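S.K.:
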Amino acid sequence: MTKIFSENDKKEIQDIFKKMIDLAMKFYNDRNSTFKDDIEDIQNFFESYEWKLYTGLQTLQKDEYKGFALYKEIEEEEYIKFKKGRSAWHGIYIWFGVSRDDIYMRIVTKEEEKCNALLKIQKDNILDYKLEEKIDKFEEIKDRLFDVFLYLSNYINNLSKDDFKIIKDYNMMKNNTPLNQILYGPPGTGKTYHTIDKALEILGENLESRDEKKAKFDEYVKNGQIVFTTFHQSYGYEEFIEGIKPDLDKQNENENSQIRYKIKDGIFKKLYKKALYKEQKSKNDTLISNYSSVWKISLGYNASLREECFKENKICIGWNEIPKNMGDEFLKLGNNDKNTINSFKNEMQLGDLVCVFNSLKTIKGIGIIKSDVKYTQQGEYQTYREVEWISKDDEVNIYELNDNINLTQKTVYKLWRISPNILLDKISNVKNLELIQDNTKKPFIIIIDEINRGNVSKIFGELITLIEPSKRLGEKEELKVALPYSDEKFGVPKNVYIIGTMNTADRSITSLDTALRRRFEFVEMMPDVSKLSMDCKGINLQELLKAINTRIEYLLDREKTIGHAFFIGVENLNDLKSIFQNKIIPLLQEYFYNDYALINAVLNDNGMIFKDKKDDKYLQKIKNLDSVNSERSIYNIASFDDKIWDKIEIYQAIYNDEIANKLKNENE
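Numbering (my numbering), first residue to last: 576 to 1243.
If you want it as structure tokens, here you go:
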């Protein structure tokens, strides 16, 4: 509800903020005092308006601030609440900061969980509504301070309590970022730099400082939610999806070591598996995850053995004592029987699922393996494992899950086509399972730098179709394909995002594969001169870059202009000299194929490139040849040790014709 303030209320609020500023100044002068009474007076004042106040010392962009947080108190656990951390405060609150020189007011949304209030604040651009002024101007800006506080406090007051309720799937709910996008533009426009911002935007992070963004980005990389790769000419399908790779026997690394070949997942397939990862826990704390295997077992030809296993929470196989001893009797068995015993004894793992055979298309009974193999001396079925049954009654048709392949009578074998979580989703009466991790609700991101440098059709393979939004898993037109090496069913989840970067100086968008262009959204990133200084030791970097790029665009095209990032961080003449010598000149040489006349024109004949007067006594016979242009000019780059590079005028001349003409006359 919007609060209406009288003129008297307005004066009281302005006075209380002045008191907060004075309190901060006292603190800076005497850090040992607590000023308890003063703080309590301010707290009581804001409580009369139903605001809670917390104060503490903070650091913002290397400046020390005495910070005051005004927040709404909510008791219930399932709501976003203000939390006082050692290094940061969490929640949604109005922050009033006082340094030795400045005052600052804005809404802060630094929270560990997400809620609708955050979505509304971002949508309404409330984070841009703030005040930043010098303390000594308080009398001049106190009305503005009141207006900002009034606006921000009314905004939060108009949010309902339910707006602060935690939404567990917030990131996926609010995200309307393209699933596949490519940032493209000339070199130095910040494409790779901005992939961090794009990734954090997808993940729902709202951070201001670059250090915070980089730290959070690195955190997501560490936990596997973001992966980064760079395409190049030798990059292939095997590195991206899957391939057969040599695997040397590390237990016996000698001259006679056998090289084995294994199917290994590529970077995208690993990310795909993480994006689909679910972990569930039984009542006995046995874990089931995507990495659990699914097994089929036949428990006799009648229901009695199955009922016994259900009752005693076990699965078992026969052959009396043969599985225990694995002696000569084992060697006499057929391959099917040997494989069954080996699978039951050695390949089944704790947490794997086991399905009890019912018919060629159905199972009846699903359990979680919870023990290693055990033995008994009684009966024919002496080899067993303990099982926690999570379904006994449902007859489940798994024919489609098994790729329309019938089950066989073989006692034990792995159902490698079936994912444990997909199987569990199909069962209606699963008991005693708790979902403890579900990655399908989180975004997972792959960043592909220099995406146009690789052979995209070769690298993506069948993935080029599967990444389409309409073909993602869970959509009406979802597609899965069998991978060529592993034969696994493969589809792309809708929580996997692809961000690519593309340098248009190497290759334009029009030269890209049509299939790739159709499936990606393209975000152009061009040079932004506003990011640069207008007075770097007397040099206008904005005009300098604008002049260079105008000439490049005229002589070549806009895709080969030079990005502002080359000049970010230039603080003095030495920095600028280094940039030109090590980056700008080599780039222009590449663009113009060492045509120094054109390079000189781009630099406005500023003296970095000069006509070299060669000694005619070595050239007379050559100049007399009919096939040689005797008037040809030879250009050279000024020696990097030459003092010309230390002159301010040489850089000013790039955008100032008057200075350029003056330098030219001096050199002549």
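A virtual CB, placed ideally from N, CA and C, is assigned to each residue, including glycine.
Here the structure is a predicted model, which means the values were calculated and not measured.
#1: So if DSSP puts Cys884 in a beta bridge, which residue, or which two residues, is it bridged to?
#2: Could you tell me which uninterrupted alpha helix (DSSP H) segments, each at least 4 residues in length, are contained entirely in the region 1108-1195, listed from first to last along the chain?
#3: I think Ile801 touches Lys789, with their Cβ atoms under 8 angstroms apart; what is that distance to the nearest whole Å?
#4: Just to confirm, is the Cβ distance from Asn691 to Ile742 under 8 angstroms?
#5: Within the 8 angstroms Cβ cut-off, does Trp670 reach chain D?
#6: Are the CB atoms of Pro761 and Ile1074 within a distance shorter than 8 angstroms?
#7: Answer yes or no: do Ile838 and Ile816 have a C-beta to C-beta separation smaller than 8 angstroms?
#8: When DSSP labels each residue in this structure, what does Ser857 get in the three-state scheme?
#9: Taking buried to mean at least 16 other C-beta atoms within 10 Å of its own C-beta, is Asn877 buried or exposed?
#10: Examine the Cβ distances between the region 1136-1152 and the region 1087-1097 and report whether three or more of them are shorter than 8 angstroms.
#11: Grab me the residues of Thr767's own chain with a C-beta within less than 7 angstroms of its C-beta, minus the 5 sequence neighbours each way, in chain order.
#12: With distance defined between alpha-carbon atoms, name the residue in Ile938, Phe806, Ser864, Asp968 nearest to Lys886.
#13: What do you reckon, are the CB atoms on Lys945 and Tyr959 nearer than 8 angstroms?
#14: In this structure, does DSSP put Trp894 in helix, strand or coil?
#15: Is Arg992 helix, strand or coil when you go by DSSP?
#16: One question on the structure: do Leu846 and Ile1021 come within less than 8 angstroms of each other, judged by their Cβ atoms?
#17: For the ligand NAD, is there any heavy atom lying closer than 7 angstroms to the beta carbon of Glu639?
#18: Is the CB-CB distance between Ile1219 and Gly1182 below 8 angstroms?
#19: Would you call the CB atoms of Ser674 and Glu648 closer than 8 angstroms?
#20: If Phe905 sits next to Ile897, beta carbons under 8 angstroms apart, how far is it from one beta carbon to the other, in whole angstroms?
#21: Out of Ala1057, Leu1131, Ile997, Ala1090, point me to the one whose CA is closest to Gly1281's CA.
#22: Does the beta-carbon of Asn900 have 16 or more other beta-carbons within 10 angstroms, so that it is buried, or is it exposed?
#23: Locate the alpha helix (DSSP H) running through Ser728, then write down its first and last residues.
#24: Report all residues from its chain with a CB closer than 7 angstroms to the CB of Glu1224; omit the five preceding and five following residues, and keep chain order.
#25: For the alpha helix (DSSP H) that contains Asp903, what are its first and last residues?
#26: For the beta strand (DSSP E) that contains Thr684, what are its first and last residues?
#27: Going by alpha carbons, who is nearest to Thr1125 out of Phe1155, Asp1081, Ala1176?
#28: Report the partner residues of Gly631 according to the DSSP bridge assignment.
#29: Kindly indicate which residue of Lys740, Tyr1226, Leu1008, Leu874 has the alpha-carbon position closest to the one of Glu955.
#30: Identify the continuous beta strand (DSSP E) that holds Glu1224 and give its terminal residues.
#31: With distances taken Cα to Cα, identify the nearest neighbour of Glu708 among Met1101, Asp677, Lys594, Tyr646.
#32: For Gly902, is the classification buried or exposed, using 16 other Cβ atoms within 10 angstroms of its Cβ as the cut-off for buried?
#33: Could you tell me how far apart the beta carbons of Ala850 and Val1071 are, in whole angstroms, since I believe they sit closer than 8 angstroms?
#34: So what does DSSP say about Val1031, is it helix, strand or coil?
#35: On the DSSP letters alone, give me the boundaries of the beta strand (DSSP E) that Val929 sits inside.
#36: Go ahead and pull the three-state DSSP assignment for Thr805.
M.R.: On the basis of the data shown:
#1: In the DSSP output, where bridge partners are listed per residue, Cys884 has none listed.
#2: 1116-1130, 1148-1154, 1160-1166, 1171-1177
#3: 12 angstroms between Cβ atoms; not a contact.
#4: yes
#5: Among the protein chains of the structure shown there is no chain D, as only one such chain exists.
#6: no
#7: No.
#8: strand
#9: exposed
#10: No: the two stretches stay apart, fewer than three of their Cβ pairs being nearer than 8 angstroms.
#11: Asp1024, Thr1076
#12: Asp968
#13: no
#14: In the structure shown, the three-state DSSP call for Trp894 is coil.
#15: coil
#16: yes
#17: This structure simply doesn't include the ligand NAD, nor any ligand for that matter.
#18: Yes.
#19: no
#20: Right, the Cβ-Cβ distance comes to about 5 angstroms (below 8 angstroms), so this counts as a contact.
#21: In this structure the chain extends from 576 to 1243, so residue 1281 is not present and cannot be described.
#22: The residue in question, Asn900, is exposed, as its Cβ has fewer than 16 Cβ neighbours within 10 Å.
#23: 713-732
#24: Ile1234, Leu1238
#25: In the DSSP assignment, Asp903 falls within the unbroken alpha helix (DSSP H) covering 903-906.
#26: 677-685
#27: The option with the nearest alpha carbon to Thr1125 is Ala1176.
#28: For Gly631, which the question treats as bridged, DSSP gives the partners Gly642.
#29: Leu874
#30: Counting along the chain, Glu1224 falls outside any beta strand (DSSP E), though it belongs to the alpha helix (DSSP H) covering 1223-1227.
#31: Asp677
#32: exposed
#33: 5 angstroms
#34: Reduced to three states, the DSSP call for Val1031 is helix.
#35: 928-932
#36: strand
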